[in-house]
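Visitor: One structure coming up, written as structure tokens, with questions to follow.
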Amino acid sequence: AQSVSQHNHHVILSEAASLELGCNYSYGGTVNLFWYVQYPGQHLQLLLKYFSGDPLVKGIKGFEAEFIKSKFSFNLRKPSVQWSDTAEYFCAVSGSGSARQLTFGSGTQLTVLP
Amino acid sequence: DAGVIQSPRHEVTEMGQEVTLRCKPISGHDYLFWYRQTMMRGLELLIYFNNNVPIDDSGMPEDRFSAKMPNASFSTLKIQPSEPRDSAVYFCASSGDGNSPLHFGNGTRLTVT
């Protein structure tokens, strides 16, 4: 069974600080990887996705993530966070091809202080 | 594109009552998913449909939960009878094919007293 671990439950940063949120997954095959963001009171929105190709993926709002296959990791990064980045961030994995179930991590709450 | 539309946004009901949550997926999307989000368990997949057919309902917690998709533009998740531990935010999501990202609705916040 696939699983996703997000090690940081709550991260607090000041504006302009750099961000890295950890994500490790367990899956016995080719994977699709995703980061979703959930702003307070809103639904989940896709930040970025990795299916294949360049392991460094750029998403919306200046976010990027790097797929490191040997480490089973897909960490999310942003060089300089803003107050508006305050949200909960979810890493998710699915098997490629016909396996459509997304398995989500437990989420990381990011609080950016102005 | 209106996105995935869920109703109601909020539902407060008493234990033992029947609850029906509704979802309209994005037009043309062949996959529809129901997720439940709680503080304790995070996001859990309850069931998903492909072309209106339930494919995997192994996440449905109990027989009190049922889901239907009578056509490509409508799905319901029903809880009968409801219990306080069913209190959660229920999200519906849809996607276009086997590898497309999910598009989520705004969710229904269910409170069972």
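Residue numbers (our numbering), protein chains in the order written: chain A, 1 to 114; chain B, 115 to 227. We put the CB at the ideal spot given by N, CA and C, even for glycine. From a predicted model like this one, the values you see are computed outputs, not experimental measurements.
1. For P198 (chain B), which three-state DSSP category applies?
2. If I follow the unbroken beta strand (DSSP E) through P168 (chain B), where does it start and stop?
3. For V126 (chain B), count neighbouring C-beta atoms within 10 Å of its own C-beta (all shown protein chains included) and say buried if the count is 16 or more, exposed if not.
4. Can we say the region 199-209 of chain B touches the region 129-140 of chain B, given the rule of at least three CB pairs closer than 8 Å?
5. From A:L13, A:A16, A:V31, A:L47, pick the residue whose C-alpha is nearest to that of F90 (chain A); which is it?
6. Could you check the C-alpha separation between G117 (chain B) and E197 (chain B) for me, to the nearest Å?
7. Quick one: what does DSSP say I193 (chain B) is sitting in, helix, strand or coil?
8. Check the C-beta distance from K49 (chain A) over to F34 (chain A) and give it rounded, since I have them as a contact under 8 Å.
9. Exposed or buried, what is D200 (chain B) when buried is set at 16 or more other beta-carbons lying within 10 Å of its beta-carbon?
10. Between L240 (chain B) and chain A, is there a C-beta pair that is closer than 8 Å?
11. Between D171 (chain B) and the rest of its own chain, which residues show a CB-CB distance below 6 Å, the 5 nearest in sequence each way excluded?
12. So, helix, strand or coil for S5 (chain A), using DSSP?
13. Taking the Cβ atom as the reference point for each residue, do L113 (chain A) and S14 (chain A) lie within a distance shorter than 8 Å?
14. Is the CB-CB distance between F67 (chain A) and P79 (chain A) below 8 Å?
15. Kindly identify the DSSP beta-bridge partner or partners of F74 (chain A).
16. Contact criterion: CB-CB distance below 8 Å. Does L110 (chain A) meet it with respect to chain B?
Guide: Judging by the given coordinates:
1. On the second sequence, residue 198 (chain B) is found 84 positions in, with the first residue counted as 1. In this structure, P198 (chain B) counts as helix in the three-state DSSP scheme.
2. Taking the second sequence and counting its residues from 1, the one referred to as residue 168 (chain B) is at position 54. Note, P168 (chain B): beta strand (DSSP E), 167-170.
3. Here residue 126 (chain B) refers to the residue found at position 12 when the second sequence is read from its first residue. With fewer than 16 Cβ atoms within 10 Å of its Cβ, V126 (chain B) is classed as exposed.
4. Touching, yes.
5. Counting from one through the first sequence, the residue named residue 90 (chain A) turns up at place 90. Ranking the options by Cα distance to F90 (chain A), first place goes to A:L47.
6. In the second sequence, counting from the first residue as 1, residue 117 (chain B) sits at position 3. In the second sequence, counting from the first residue as 1, residue 197 (chain B) sits at position 83. Cα to Cα, G117 (chain B) sits roughly 30 Å from E197 (chain B).
7. Indexing the second sequence from 1 puts residue 193 (chain B) at position 79. In the structure shown, I193 (chain B) sits in a strand (DSSP, three-state: E or B).
8. Residue mapping note: residue 49 (chain A) aligns to position 49 of the first sequence, counting from 1. Residue mapping note: residue 34 (chain A) aligns to position 34 of the first sequence, counting from 1. That pair is a contact at about 5 Å.
9. For the purposes of this step, residue 200 (chain B) is taken as the residue at position 86 of the second sequence. D200 (chain B) comes out buried.
10. This structure cannot speak to residue 240 (chain B), because chain B is shown only from 115 to 227.
11. The sequence position of residue 171 (chain B) within the second sequence is 57, counting from 1. So the qualifying residues of the chain are I161.
12. As a working mapping, residue 5 (chain A) is identified with position 5 in the first sequence. Here DSSP, grouped into helix, strand and coil, assigns S5 (chain A) to strand.
13. Mapped onto the first sequence, residue 113 (chain A) falls at position 113. Mapped onto the first sequence, residue 14 (chain A) falls at position 14. Taking C-beta atoms as the reference points, L113 (chain A) and S14 (chain A) count as a pair closer than 8 Å.
14. Numbered from 1 along the first sequence, position 67 holds the residue referred to as residue 67 (chain A). Numbered from 1 along the first sequence, position 79 holds the residue referred to as residue 79 (chain A). No. Outside cutoff.
15. For the purposes of this step, residue 74 (chain A) is taken as the residue at position 74 of the first sequence. According to DSSP, residue pairing for F74 (chain A) in a beta bridge involves A:F67.
16. Working through the first sequence from its first residue, we reach residue 110 (chain A) at position 110. With a threshold of 8 Å between beta carbons, L110 (chain A) makes no contact with chain B.
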